[in-house]
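Since the structure comes first, as C-alpha coordinates, the remarks are kept for the end.
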Amino acid sequence: GQVAAVILEPMNVRFPSEGYLQGVQRLTRAAGAVLIFDETITGFRYARGGAQEVFGVTPDLCTLGKGIANGFPLSAVAGRADLMAYMEEVFFSFTMGGEALSLAAACAAMDKLEREPVVETMTARGKDLMAGAEALVEKHGLSSVLSLAGHPSWSFLVMADQPNATAFELKTLFLQEVFSRGVLTLGTHNMSFSHSAADVAEVLAAYDEVFPILGAALADNDLHARLRCEPLKPLFKVRG
(Lines of atoms letter the chains of each structure in order from A and count residues from 1; the text may use other names and numbers.)
(Lines give C-alpha, C1' and ligand atoms only; values in the text may rest on other atoms or scores of the structure.)
Protein backbone atom coordinates (compact mmCIF):
# COMPACT_ATOMS: atom_id res chain seq x y z
CA GLY A 1 0.00 0.00 0.00
CA GLN A 2 0.86 3.68 -0.04
CA VAL A 3 0.64 4.11 3.75
CA ALA A 4 3.48 2.75 5.90
CA ALA A 5 2.12 3.72 9.29
CA VAL A 6 -0.42 5.82 11.16
CA ILE A 7 1.05 7.58 14.20
CA LEU A 8 -1.06 9.39 16.79
CA GLU A 9 -1.49 10.16 20.44
CA PRO A 10 -4.50 8.08 21.53
CA MET A 11 -5.69 11.10 23.51
CA ASN A 12 -4.64 14.67 24.17
CA VAL A 13 -6.96 17.50 25.19
CA ARG A 14 -10.18 15.70 24.27
CA PHE A 15 -11.40 12.18 24.85
CA PRO A 16 -11.66 10.32 21.55
CA SER A 17 -15.20 9.77 20.31
CA GLU A 18 -16.57 6.31 21.02
CA GLY A 19 -15.27 3.91 18.40
CA TYR A 20 -12.77 6.40 16.94
CA LEU A 21 -9.59 4.55 17.87
CA GLN A 22 -11.16 1.24 16.87
CA GLY A 23 -12.00 2.79 13.51
CA VAL A 24 -8.45 4.05 13.06
CA GLN A 25 -7.16 0.57 13.83
CA ARG A 26 -9.57 -1.04 11.37
CA LEU A 27 -8.66 1.35 8.54
CA THR A 28 -4.95 1.00 9.26
CA ARG A 29 -5.15 -2.77 9.07
CA ALA A 30 -7.19 -2.57 5.87
CA ALA A 31 -4.38 -0.49 4.33
CA GLY A 32 -1.76 -2.99 5.44
CA ALA A 33 -0.13 -0.31 7.57
CA VAL A 34 1.27 -0.23 11.10
CA LEU A 35 -0.67 1.52 13.88
CA ILE A 36 1.63 3.39 16.28
CA PHE A 37 0.46 5.04 19.50
CA ASP A 38 2.58 7.79 21.02
CA GLU A 39 2.12 7.02 24.71
CA THR A 40 5.03 9.14 25.89
CA ILE A 41 2.67 11.03 28.20
CA THR A 42 -0.35 8.75 28.55
CA GLY A 43 1.69 5.63 29.29
CA PHE A 44 1.72 4.73 33.02
CA ARG A 45 -0.50 7.78 33.63
CA TYR A 46 -3.99 6.91 32.39
CA ALA A 47 -3.51 3.32 33.53
CA ARG A 48 -0.63 0.96 34.14
CA GLY A 49 -1.20 -0.17 30.57
CA GLY A 50 -1.61 3.37 29.28
CA ALA A 51 -4.36 4.74 27.06
CA GLN A 52 -4.46 1.52 25.07
CA GLU A 53 -5.68 -0.24 28.21
CA VAL A 54 -8.25 2.48 28.94
CA PHE A 55 -9.70 2.51 25.42
CA GLY A 56 -9.26 -1.18 24.66
CA VAL A 57 -7.19 -0.73 21.49
CA THR A 58 -3.78 -2.37 21.22
CA PRO A 59 -1.53 -0.74 18.59
CA ASP A 60 1.11 -2.56 16.59
CA LEU A 61 3.82 -0.37 18.12
CA CYS A 62 3.91 2.24 20.86
CA THR A 63 6.41 4.73 22.20
CA LEU A 64 6.94 5.22 25.92
CA GLY A 65 8.88 7.79 27.94
CA LYS A 66 8.68 10.38 30.71
CA GLY A 67 6.83 8.40 33.39
CA ILE A 68 8.64 5.20 32.48
CA ALA A 69 11.63 6.37 34.55
CA ASN A 70 9.94 9.07 36.64
CA GLY A 71 11.49 11.87 34.59
CA PHE A 72 14.94 10.39 34.06
CA PRO A 73 15.98 10.43 30.37
CA LEU A 74 14.67 7.16 29.02
CA SER A 75 12.36 6.16 26.20
CA ALA A 76 11.28 2.87 24.73
CA VAL A 77 9.49 1.32 21.78
CA ALA A 78 7.28 -1.69 22.40
CA GLY A 79 5.10 -3.72 20.09
CA ARG A 80 4.28 -6.88 18.22
CA ALA A 81 6.99 -9.51 18.34
CA ASP A 82 7.18 -9.85 14.55
CA LEU A 83 7.76 -6.12 14.15
CA MET A 84 10.24 -5.86 17.00
CA ALA A 85 12.19 -8.76 15.47
CA TYR A 86 13.28 -6.47 12.63
CA MET A 87 15.65 -4.81 15.10
CA GLU A 88 17.69 -8.02 15.01
CA GLU A 89 18.44 -7.39 11.34
CA VAL A 90 20.05 -3.96 11.78
CA PHE A 91 22.88 -2.52 13.82
CA PHE A 92 21.24 -0.25 16.39
CA SER A 93 23.34 1.80 18.77
CA PHE A 94 23.44 5.25 20.31
CA THR A 95 25.86 7.36 22.31
CA MET A 96 24.25 6.92 25.73
CA GLY A 97 23.29 3.28 25.24
CA GLY A 98 25.42 2.14 28.15
CA GLU A 99 23.94 4.60 30.65
CA ALA A 100 22.39 2.58 33.47
CA LEU A 101 21.08 5.20 35.91
CA SER A 102 17.86 5.75 33.95
CA LEU A 103 17.33 1.99 33.74
CA ALA A 104 17.61 1.77 37.52
CA ALA A 105 15.12 4.64 37.81
CA ALA A 106 12.73 2.80 35.48
CA CYS A 107 12.98 -0.36 37.57
CA ALA A 108 12.18 1.65 40.71
CA ALA A 109 9.29 3.45 38.99
CA MET A 110 7.78 0.22 37.66
CA ASP A 111 8.12 -1.40 41.09
CA LYS A 112 6.29 1.52 42.70
CA LEU A 113 3.55 1.36 40.07
CA GLU A 114 3.01 -2.30 40.94
CA ARG A 115 3.11 -1.86 44.72
CA GLU A 116 1.24 1.40 45.29
CA PRO A 117 -1.95 3.04 43.97
CA VAL A 118 -0.07 5.51 41.78
CA VAL A 119 -2.52 5.74 38.87
CA GLU A 120 -5.54 5.72 41.15
CA THR A 121 -4.13 8.51 43.33
CA MET A 122 -3.19 10.72 40.37
CA THR A 123 -6.65 10.25 38.89
CA ALA A 124 -8.41 11.05 42.17
CA ARG A 125 -6.32 14.17 42.80
CA GLY A 126 -6.85 15.24 39.20
CA LYS A 127 -10.61 14.87 39.53
CA ASP A 128 -10.54 17.08 42.62
CA LEU A 129 -8.52 19.71 40.77
CA MET A 130 -10.78 19.66 37.72
CA ALA A 131 -13.95 19.85 39.80
CA GLY A 132 -12.56 22.69 41.87
CA ALA A 133 -11.42 24.64 38.82
CA GLU A 134 -14.77 24.15 37.08
CA ALA A 135 -16.55 25.45 40.19
CA LEU A 136 -14.32 28.54 40.18
CA VAL A 137 -14.99 29.17 36.50
CA GLU A 138 -18.71 29.20 37.28
CA LYS A 139 -18.21 31.28 40.42
CA HIS A 140 -16.44 34.03 38.51
CA GLY A 141 -18.75 33.94 35.47
CA LEU A 142 -16.09 32.82 33.01
CA SER A 143 -17.77 29.81 31.42
CA SER A 144 -17.50 31.41 27.97
CA VAL A 145 -13.81 32.11 28.54
CA LEU A 146 -12.42 29.09 30.39
CA SER A 147 -13.19 25.39 30.34
CA LEU A 148 -11.59 22.19 31.61
CA ALA A 149 -10.75 19.30 29.31
CA GLY A 150 -8.67 16.16 29.24
CA HIS A 151 -8.10 13.18 31.50
CA PRO A 152 -8.04 13.82 35.26
CA SER A 153 -4.36 12.87 35.45
CA TRP A 154 -3.51 15.20 32.53
CA SER A 155 -6.06 17.98 32.23
CA PHE A 156 -6.09 21.33 30.48
CA LEU A 157 -7.44 24.76 31.31
CA VAL A 158 -8.64 25.79 27.85
CA MET A 159 -8.99 29.48 27.01
CA ALA A 160 -11.24 30.73 24.23
CA ASP A 161 -10.72 33.75 22.00
CA GLN A 162 -12.81 36.73 23.07
CA PRO A 163 -13.96 39.79 21.06
CA ASN A 164 -11.31 41.94 22.75
CA ALA A 165 -8.58 39.40 23.53
CA THR A 166 -7.09 36.29 21.98
CA ALA A 167 -6.63 33.06 23.87
CA PHE A 168 -2.86 33.66 23.79
CA GLU A 169 -3.28 37.11 25.35
CA LEU A 170 -5.54 35.70 28.05
CA LYS A 171 -3.07 32.93 28.75
CA THR A 172 -0.25 35.44 29.07
CA LEU A 173 -2.11 37.34 31.78
CA PHE A 174 -3.10 34.07 33.45
CA LEU A 175 0.50 32.83 33.56
CA GLN A 176 1.79 36.17 34.79
CA GLU A 177 -0.63 36.14 37.70
CA VAL A 178 -0.33 32.49 38.75
CA PHE A 179 3.47 32.66 38.55
CA SER A 180 3.45 35.69 40.84
CA ARG A 181 1.50 33.59 43.35
CA GLY A 182 4.09 30.82 43.38
CA VAL A 183 2.22 28.38 41.16
CA LEU A 184 4.15 27.17 38.12
CA THR A 185 1.71 25.86 35.55
CA LEU A 186 1.13 26.31 31.84
CA GLY A 187 -2.57 25.78 32.33
CA THR A 188 -2.04 22.04 32.11
CA HIS A 189 -2.25 19.79 35.13
CA ASN A 190 0.20 16.89 34.89
CA MET A 191 -0.62 15.13 38.12
CA SER A 192 2.09 13.35 40.07
CA PHE A 193 1.86 10.68 42.76
CA SER A 194 3.62 13.15 45.06
CA HIS A 195 0.93 15.83 44.65
CA SER A 196 -1.07 16.14 47.85
CA ALA A 197 -4.52 17.47 48.64
CA ALA A 198 -2.76 20.56 49.99
CA ASP A 199 -1.05 21.09 46.62
CA VAL A 200 -4.40 20.92 44.85
CA ALA A 201 -5.86 23.40 47.34
CA GLU A 202 -2.93 25.78 46.73
CA VAL A 203 -3.48 25.73 42.97
CA LEU A 204 -7.20 26.33 43.38
CA ALA A 205 -6.57 29.20 45.81
CA ALA A 206 -4.37 30.85 43.18
CA TYR A 207 -7.04 30.31 40.52
CA ASP A 208 -9.63 31.88 42.83
CA GLU A 209 -7.52 35.04 42.88
CA VAL A 210 -6.50 35.04 39.21
CA PHE A 211 -9.81 34.23 37.51
CA PRO A 212 -11.49 37.51 38.57
CA ILE A 213 -8.44 39.38 37.23
CA LEU A 214 -9.05 37.82 33.83
CA GLY A 215 -12.71 38.74 34.06
CA ALA A 216 -11.92 42.34 35.00
CA ALA A 217 -9.38 42.66 32.18
CA LEU A 218 -12.03 41.62 29.68
CA ALA A 219 -14.77 43.76 31.21
CA ASP A 220 -12.55 46.86 31.40
CA ASN A 221 -10.89 46.14 28.04
CA ASP A 222 -7.45 46.78 29.52
CA LEU A 223 -5.74 43.39 29.27
CA HIS A 224 -2.64 44.74 27.53
CA ALA A 225 -2.20 47.44 30.15
CA ARG A 226 -2.08 44.73 32.81
CA LEU A 227 0.66 42.74 31.10
CA ARG A 228 4.27 43.12 32.18
CA CYS A 229 5.57 41.34 29.08
CA GLU A 230 4.75 40.75 25.44
CA PRO A 231 1.81 38.40 24.79
CA LEU A 232 2.56 34.79 23.98
CA LYS A 233 2.75 33.80 20.33
CA PRO A 234 2.27 30.39 18.67
CA LEU A 235 5.55 28.48 18.76
CA PHE A 236 4.74 26.07 15.95
CA LYS A 237 3.45 27.17 12.59
CA VAL A 238 1.34 24.93 10.38
CA ARG A 239 3.31 24.04 7.29
CA GLY A 240 1.48 24.23 3.99
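Residue numbers (the numbering used here): 4 to 243.
Yeah, the Cβ is synthetic: ideal placement off N, Cα and C, and Gly gets one too.
Helix, strand or coil at residue i [DSSP, three-state]
i: T188; result: coil
i: A50; result: strand
i: A163; result: coil
i: D223; result: coil
i: T175; result: helix
i: C110; result: helix
i: S199; result: coil
i: A103; result: coil
i: A168; result: strand
i: A34; result: coil
i: L151; result: strand
i: L135; result: First, the amino acid is wrong: residue 135 is Gly here, not Leu. Here G135 sits in helix by DSSP.
i: T126; result: helix
Local Cβ density within 10 Å of residue i, reported as buried at 16 or more and exposed below that
i: V181; result: buried
i: S183; result: exposed
i: L189; result: exposed
i: M14; result: buried
i: N224; result: exposed
i: V6; result: exposed
i: R17; result: exposed
i: E92; result: exposed
i: L238; result: exposed
i: L160; result: buried
Rounded Cβ spacing between residue i and residue j (contact assumed at less than 8 Å)
i: E139; j: L187; result: Note on residue identity: the sequence assigns Leu, not Glu, to residue 139. Contact flag wrong, Cβ pair sits at about 19 Å.
i: G129; j: S158; result: 6 Å
i: L176; j: R229; result: 6 Å
i: I39; j: P62; result: 6 Å
i: L226; j: E172; result: 6 Å
For residue i, the residue or residues it bridges with in DSSP
i: L11; result: F40
i: S183; result: According to DSSP, which records beta bridges pairwise, S183 is partnered with nothing at all.
i: S158; result: G153, H192
Entirely enclosed alpha helix (DSSP H) segments - the region 62–92, minimum 4 residues: 84–87
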